[in-house]
Amino acid sequence: MDKLLIIDDLWISYYKDGKKAYAIRGLNLEVNYNQIVGIVGESGSGKSTLGHAIVGLLPSNSRVEKGRILFEGTDLTKINRRDFYRFRGKNAIFMIFQDPMSSLNPTMKIYDQLREAVQGKRSSNEDFSLTRWFLGNIRKDIIIENKDIIEALKKVGFKNPKEILVKYPHQLSGGERQRIMIAMAYLLKPKLLIADEPTTALDVVTQAQVLKMLLELKDEYKTSIIFISHDITLVSQISDRILVMYGGILMEDGSSEEILKNPLNPYTKGLISSLPIYFKGEGRISPIPGFPPNIFNLPAGCPFHPRCSSNMSICKLQMPKIKKIGESHYVACHLYG
Amino acid sequence: MNTSLMKILTKNVNLLLGTIIIMFFIVMAIISVINIHLLTRYNPNQINFSEANLPPSILHIFGTDQEGRDVFSRVLAALPIDVSIPYIIVGASVLIGLIVGIISGYFGGILDEILMRFTDIFLAFPGILLALAISEILGSSHLAYRLYFSALALIIVNWPVYARLVRGQVLQIKSMTYITLAKVAGLGNYQIMKRHVLPHLIPILLVYSTLDMGTIILSYSILAFFGLGAPPPTPELGRMVYDGLSALPQNWWSSVFPALVITLMALGYSLAGDGLRDLLDLRS
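From first to last, the protein sequence lines stand for chains A and B.
Residue 88 in my numbering sits at position 86 of the first sequence; the count goes up by one each step and never skips.
Residue 203 in my numbering sits at position 198 of the second sequence; the count goes up by one each step and never skips.
Encoded structure:
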C-alpha cells in the first residue's frame, strides 16, 4: 500500500424537509503517508463534511450515496457504526475540531481526558464481559505511563505540565486547550489526523504555534494530516498539497507552490487575489462578488459560474471535469481543455 | 469542619435552613427507631380513654387524641416511615428516569420515539389521581403491604418526569464537541454515557430531586390521608390528620400538629432545593 487514504468518486447527500442535496459531488482524493494535504473552501463547500465522512461521524440526515473511502485498503463507507471504533483513535484516524472551548469535557480534569483518550479505546474482538462493562474496557496493552502524558504536554509547549494535568478546561485559555488537543494527538499517534479548522478561534501568534506543532507531529510520527481551512495562506504554510473545493466539487488540486504561484481556476485566482499579501493591483482589494451557494439550491453546470469573471456559455450547461494540466497539477474548469 | 462548606452555608440562607430542618427530622426519626422512650415517656399506641382530648400541656406537648394517645409520641413514631418513604420513592424514580432518559436521548431514533410516547401515557394522567387508583387496585388485597404499593404507585407516577428531564439534558450534551471527540478517540457508547454524559446530569438531578422531595412528602401524605398508607395502628402523619378531622375545630391539636410536621418537612426540602439551585447556578 503506497497510499494511506484513497477517496474514489465520493458523493454525500443531505436530507432536509424531504429535500435532498449533495454536499460532496464526485470527489477524488489521495493522501500519501507522511503528507499534509490542505483543503480550502468557503462555507458550504463540503470540506467539513468530507472530514466527518472520513471518521464516520456524518450527521444522521446525511449519507454516502456513492463512492469509496479506502483507509489502508479498507473501505470505510462499508463499515457499520458499531465497528467503526477500530478505525478511530490510536494508530488510526483522529480528528481535532474548530472550537477548543467545547472540545474538552468541563467536568473532567485534563489528566483524565488525556488518559481516557488513549486507554479508553475498546479493543477489537473482545467478548462481552460484565466486569468490563462496568469498568469500561481498559485496554491492557496500551496502558500509558504518566511520563508519556507529561512528555506529550512538554512537546506542545507547556512549561510545567504537572500543573496543567490537575486543571479543569475552564482554567485554560483557548490556545492552551487546542494545544491539549494536539497533545492528545501526540499520545494517540494516529496515522491520519483530520484538523477541521483548528486555528480559526485562535489569535495569529497561537495559530503559528499550532501549525508548528502539527508539522512536528508529522515529522515525529509520520502522521498524515488533512488540514481543513478557509484560509489559503495558512494552508499553504503547512501543506504539501492544496485542494480547493467549491460547491461540493474539487476545483483545483496541486502542490502548494504551484497553486499559489500559478493558480489556474478563476475561483482559486479569486481566493488568492482577495488576500492582501498576494494582491497586485491598485486601490481596493477585489473580493469575489456574490455569496457561496446554498447546497439545496446549487446552480446547474459549474457551481461557480454565477460568480465567475470568465463565464462562458458551456459553464451553465456542463460540470467541468478534472484534467491534468502539469506535473501534479489538476484543475476542473472549462477554460482548460 | 470544612471551612469552604461553612462559607457556602452561611452565604446561602435557604440551603442552611433547609439542611437544618432536613437533618433535624432525620435525626429524630433515627432516635425514634432506636428507642422512642429517649424522647417521650408515652407509648404511641397506648389507648387511654381517661386522658382523651387533652389540650397541649407540659405533660402532653401536642395534646392527646380522641382515644387518649399522646399526639407527640405518635408523631415521633410516624417519623421513620414518613422520612424514609419519600427517599425511596424519589430515589427509585430518579434511577428509572435516568436510565430511560439517557438511553432515549443518547440513541435517539425509534427507541427514543417509543420510550417517549410511553412516558406520555403516564404524563397524560393527573399524577395524584393515578397514584390513588394504582395503590387502591394493587394494595386492596394486601393490606399489610399497602404502604409499599402506595410507594410503588408514586414511583410509577413520578419517573416519567425525570425521564423527560434527563432526555432533554442529554440531547443538549450530545451536541457538544467533546462527545464527538470522545467518539473520534474510539470510546464506546457506554463509556461516553458514563464519563461524558452522566456527570453533567448530576447538578440538575440533585436540585430537581430535592425540590421533588417536598412534593412527594405531600403526595404520600395524601395517600395516607385516604387510608392507603401503613395499616393501623402504625401511626402515620397523613392518617393522623384524617383521624383528627372529626374533632375539629374544638380539639384542633390532634390533626393540626401532624399537619404542621408534614408542612415543615416539605418546607425544608423546598428551601434546600432552592438553595442548591442558587449554589449550582442552574438558571444561568
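For each residue, glycine too, the CB sits at the ideal point set by N, CA and C.
These numbers come from a predicted model, not from an experiment.
{"Query": "The stretch 273 to 284 of chain B contacting the stretch 217 to 237 of chain B, beta-carbon criterion three pairs below 8 Å", "Result": "yes"}
{"Query": "Which of helix, strand or coil DSSP assigns to H232(A)", "Result": "coil"}
{"Query": "For L213(A) and Q239(A), believed in contact at Cβ under 8 Å, the rounded distance", "Result": "6 Å"}
{"Query": "Beta carbon of R27(A) nearer than 7 Å to that of G303(A)", "Result": "no"}
{"Query": "Pairwise C-alpha distance: Y213(B) and M28(B)", "Result": "19 Å"}
{"Query": "Inter-stretch contact at 8 Å, needing at least 3 Cβ pairs: the stretch 55 to 72 of chain A / the stretch 153 to 163 of chain B", "Result": "no"}
{"Query": "Residues that M181(B) contacts on chain A, provided the C-beta gap is smaller than 7 Å", "Result": "S104"}
{"Query": "Per DSSP, cross-strand counterpart(s) of W13(A)", "Result": "K68(A)"}
{"Query": "Segment contact, 8 Å Cβ cut-off, at least three pairs: the stretch 79 to 92 of chain A with the stretch 159 to 177 of chain A", "Result": "no"}
{"Query": "Integer-rounded CB distance, given that G68(B) should sit under 8 Å from I52(B)", "Result": "At roughly 15 Å, the Cβ-Cβ gap does not stay under 8 Å, so I52(B) and G68(B) are not in contact."}
{"Query": "Option in L190(A), L236(A), M253(A), M97(A) with minimal Cα separation from I151(A)", "Result": "L190(A)"}
{"Query": "Three-way DSSP call (helix, strand, coil) for A154(A) in this model", "Result": "helix"}
{"Query": "Close beta carbons around L110(B), own chain, < 6 Å, minus the five adjacent residues each side", "Result": "Strictly speaking, residue 110(B) in this sequence is Gly, with Leu absent from that position. Closer than 6 Å at Cβ, skipping near neighbours: R172, V175, L176."}
{"Query": "Chain-ordered neighbours of N107(A) on chain B, where CB pairs are closer than 7 Å", "Result": "Y183, H201"}
{"Query": "3-residue-minimum beta strand (DSSP E) runs that sit fully inside the stretch 162 to 192 of chain A, ordered along the chain", "Result": "none"}
{"Query": "Spatial distance of G280(B) from L272(B) (CA atoms)", "Result": "12 Å"}
{"Query": "Contacts of V57(A) in chain B (Cβ-Cβ under 7 Å)", "Result": "V189"}
{"Query": "S126(A) - DSSP class collapsed to helix/strand/coil", "Result": "With a pLDDT of only 40 at S126(A), under 50, the local geometry of the prediction cannot be trusted, and no value is derived from it."}
{"Query": "Exposed unless 16 or more other CB atoms sit within 10 angstroms - verdict on R83(A)", "Result": "exposed"}
{"Query": "Chain-ordered chain D contacts of R90(A) [CB-CB under 8 Å]", "Result": "Note that chain D does not occur in the displayed structure, where the protein chains are A and B."}
{"Query": "Alpha carbon of K325(A) to alpha carbon of E254(A), nearest angstrom", "Result": "9 Å"}
{"Query": "Nearest to S89(B) (by Cα), restricted to the options M181(B), F230(B), I31(B)", "Result": "I31(B)"}
{"Query": "Coarse secondary structure for K323(A), derived from DSSP in three states", "Result": "coil"}
{"Query": "Proximity test, G114(B) beta-carbon vs the ligand PLP heavy atom, cut-off 6 Å", "Result": "Only the bare structure without any ligand can be found here, which leaves the ligand PLP out of the picture."}
{"Query": "Any C-beta of chain A under 7 Å from that of P204(B)", "Result": "yes"}
{"Query": "Status (buried if at least 16 other CB within 10 Å, exposed otherwise) for Y338(A)", "Result": "exposed"}
{"Query": "Test: D101(A) CB closer than 7 Å to a CB of chain B", "Result": "yes"}
{"Query": "Every unbroken alpha helix (DSSP H) within the stretch 73 to 112 of chain B, with a cutoff of 4 residues, ordered by chain", "Result": "76 to 112"}
{"Query": "Proximity below 7 Å, CB of T5(B) to CB of D101(A)", "Result": "One cannot answer for residue 5(B) here, as it falls past the ends of chain B, which runs 6 to 289."}
{"Query": "Alpha-carbon spacing of F123(B) relative to S55(B), whole angstroms", "Result": "56 Å"}
{"Query": "Chain A within 7 Å of D286(B), Cβ atoms only", "Result": "no"}
{"Query": "Beta carbon of A185(A) nearer than 7 Å to that of L155(A)", "Result": "yes"}
{"Query": "Distance between F127(B) and F306(A) (C-alpha atoms, nearest Å)", "Result": "55 Å"}
{"Query": "is_contact[A119(A), chain B] using C-beta, thresh 7 Å", "Result": "yes"}
{"Query": "Residues that Y113(A) contacts on chain B, provided the C-beta gap is smaller than 7 Å", "Result": "The premise fails here: Y113(A) is roughly 13 Å from chain B at the closest Cβ pair, so nothing lies under 7 Å."}
{"Query": "Cβ of Y87(A) within 7 Å of any chain B Cβ", "Result": "yes"}
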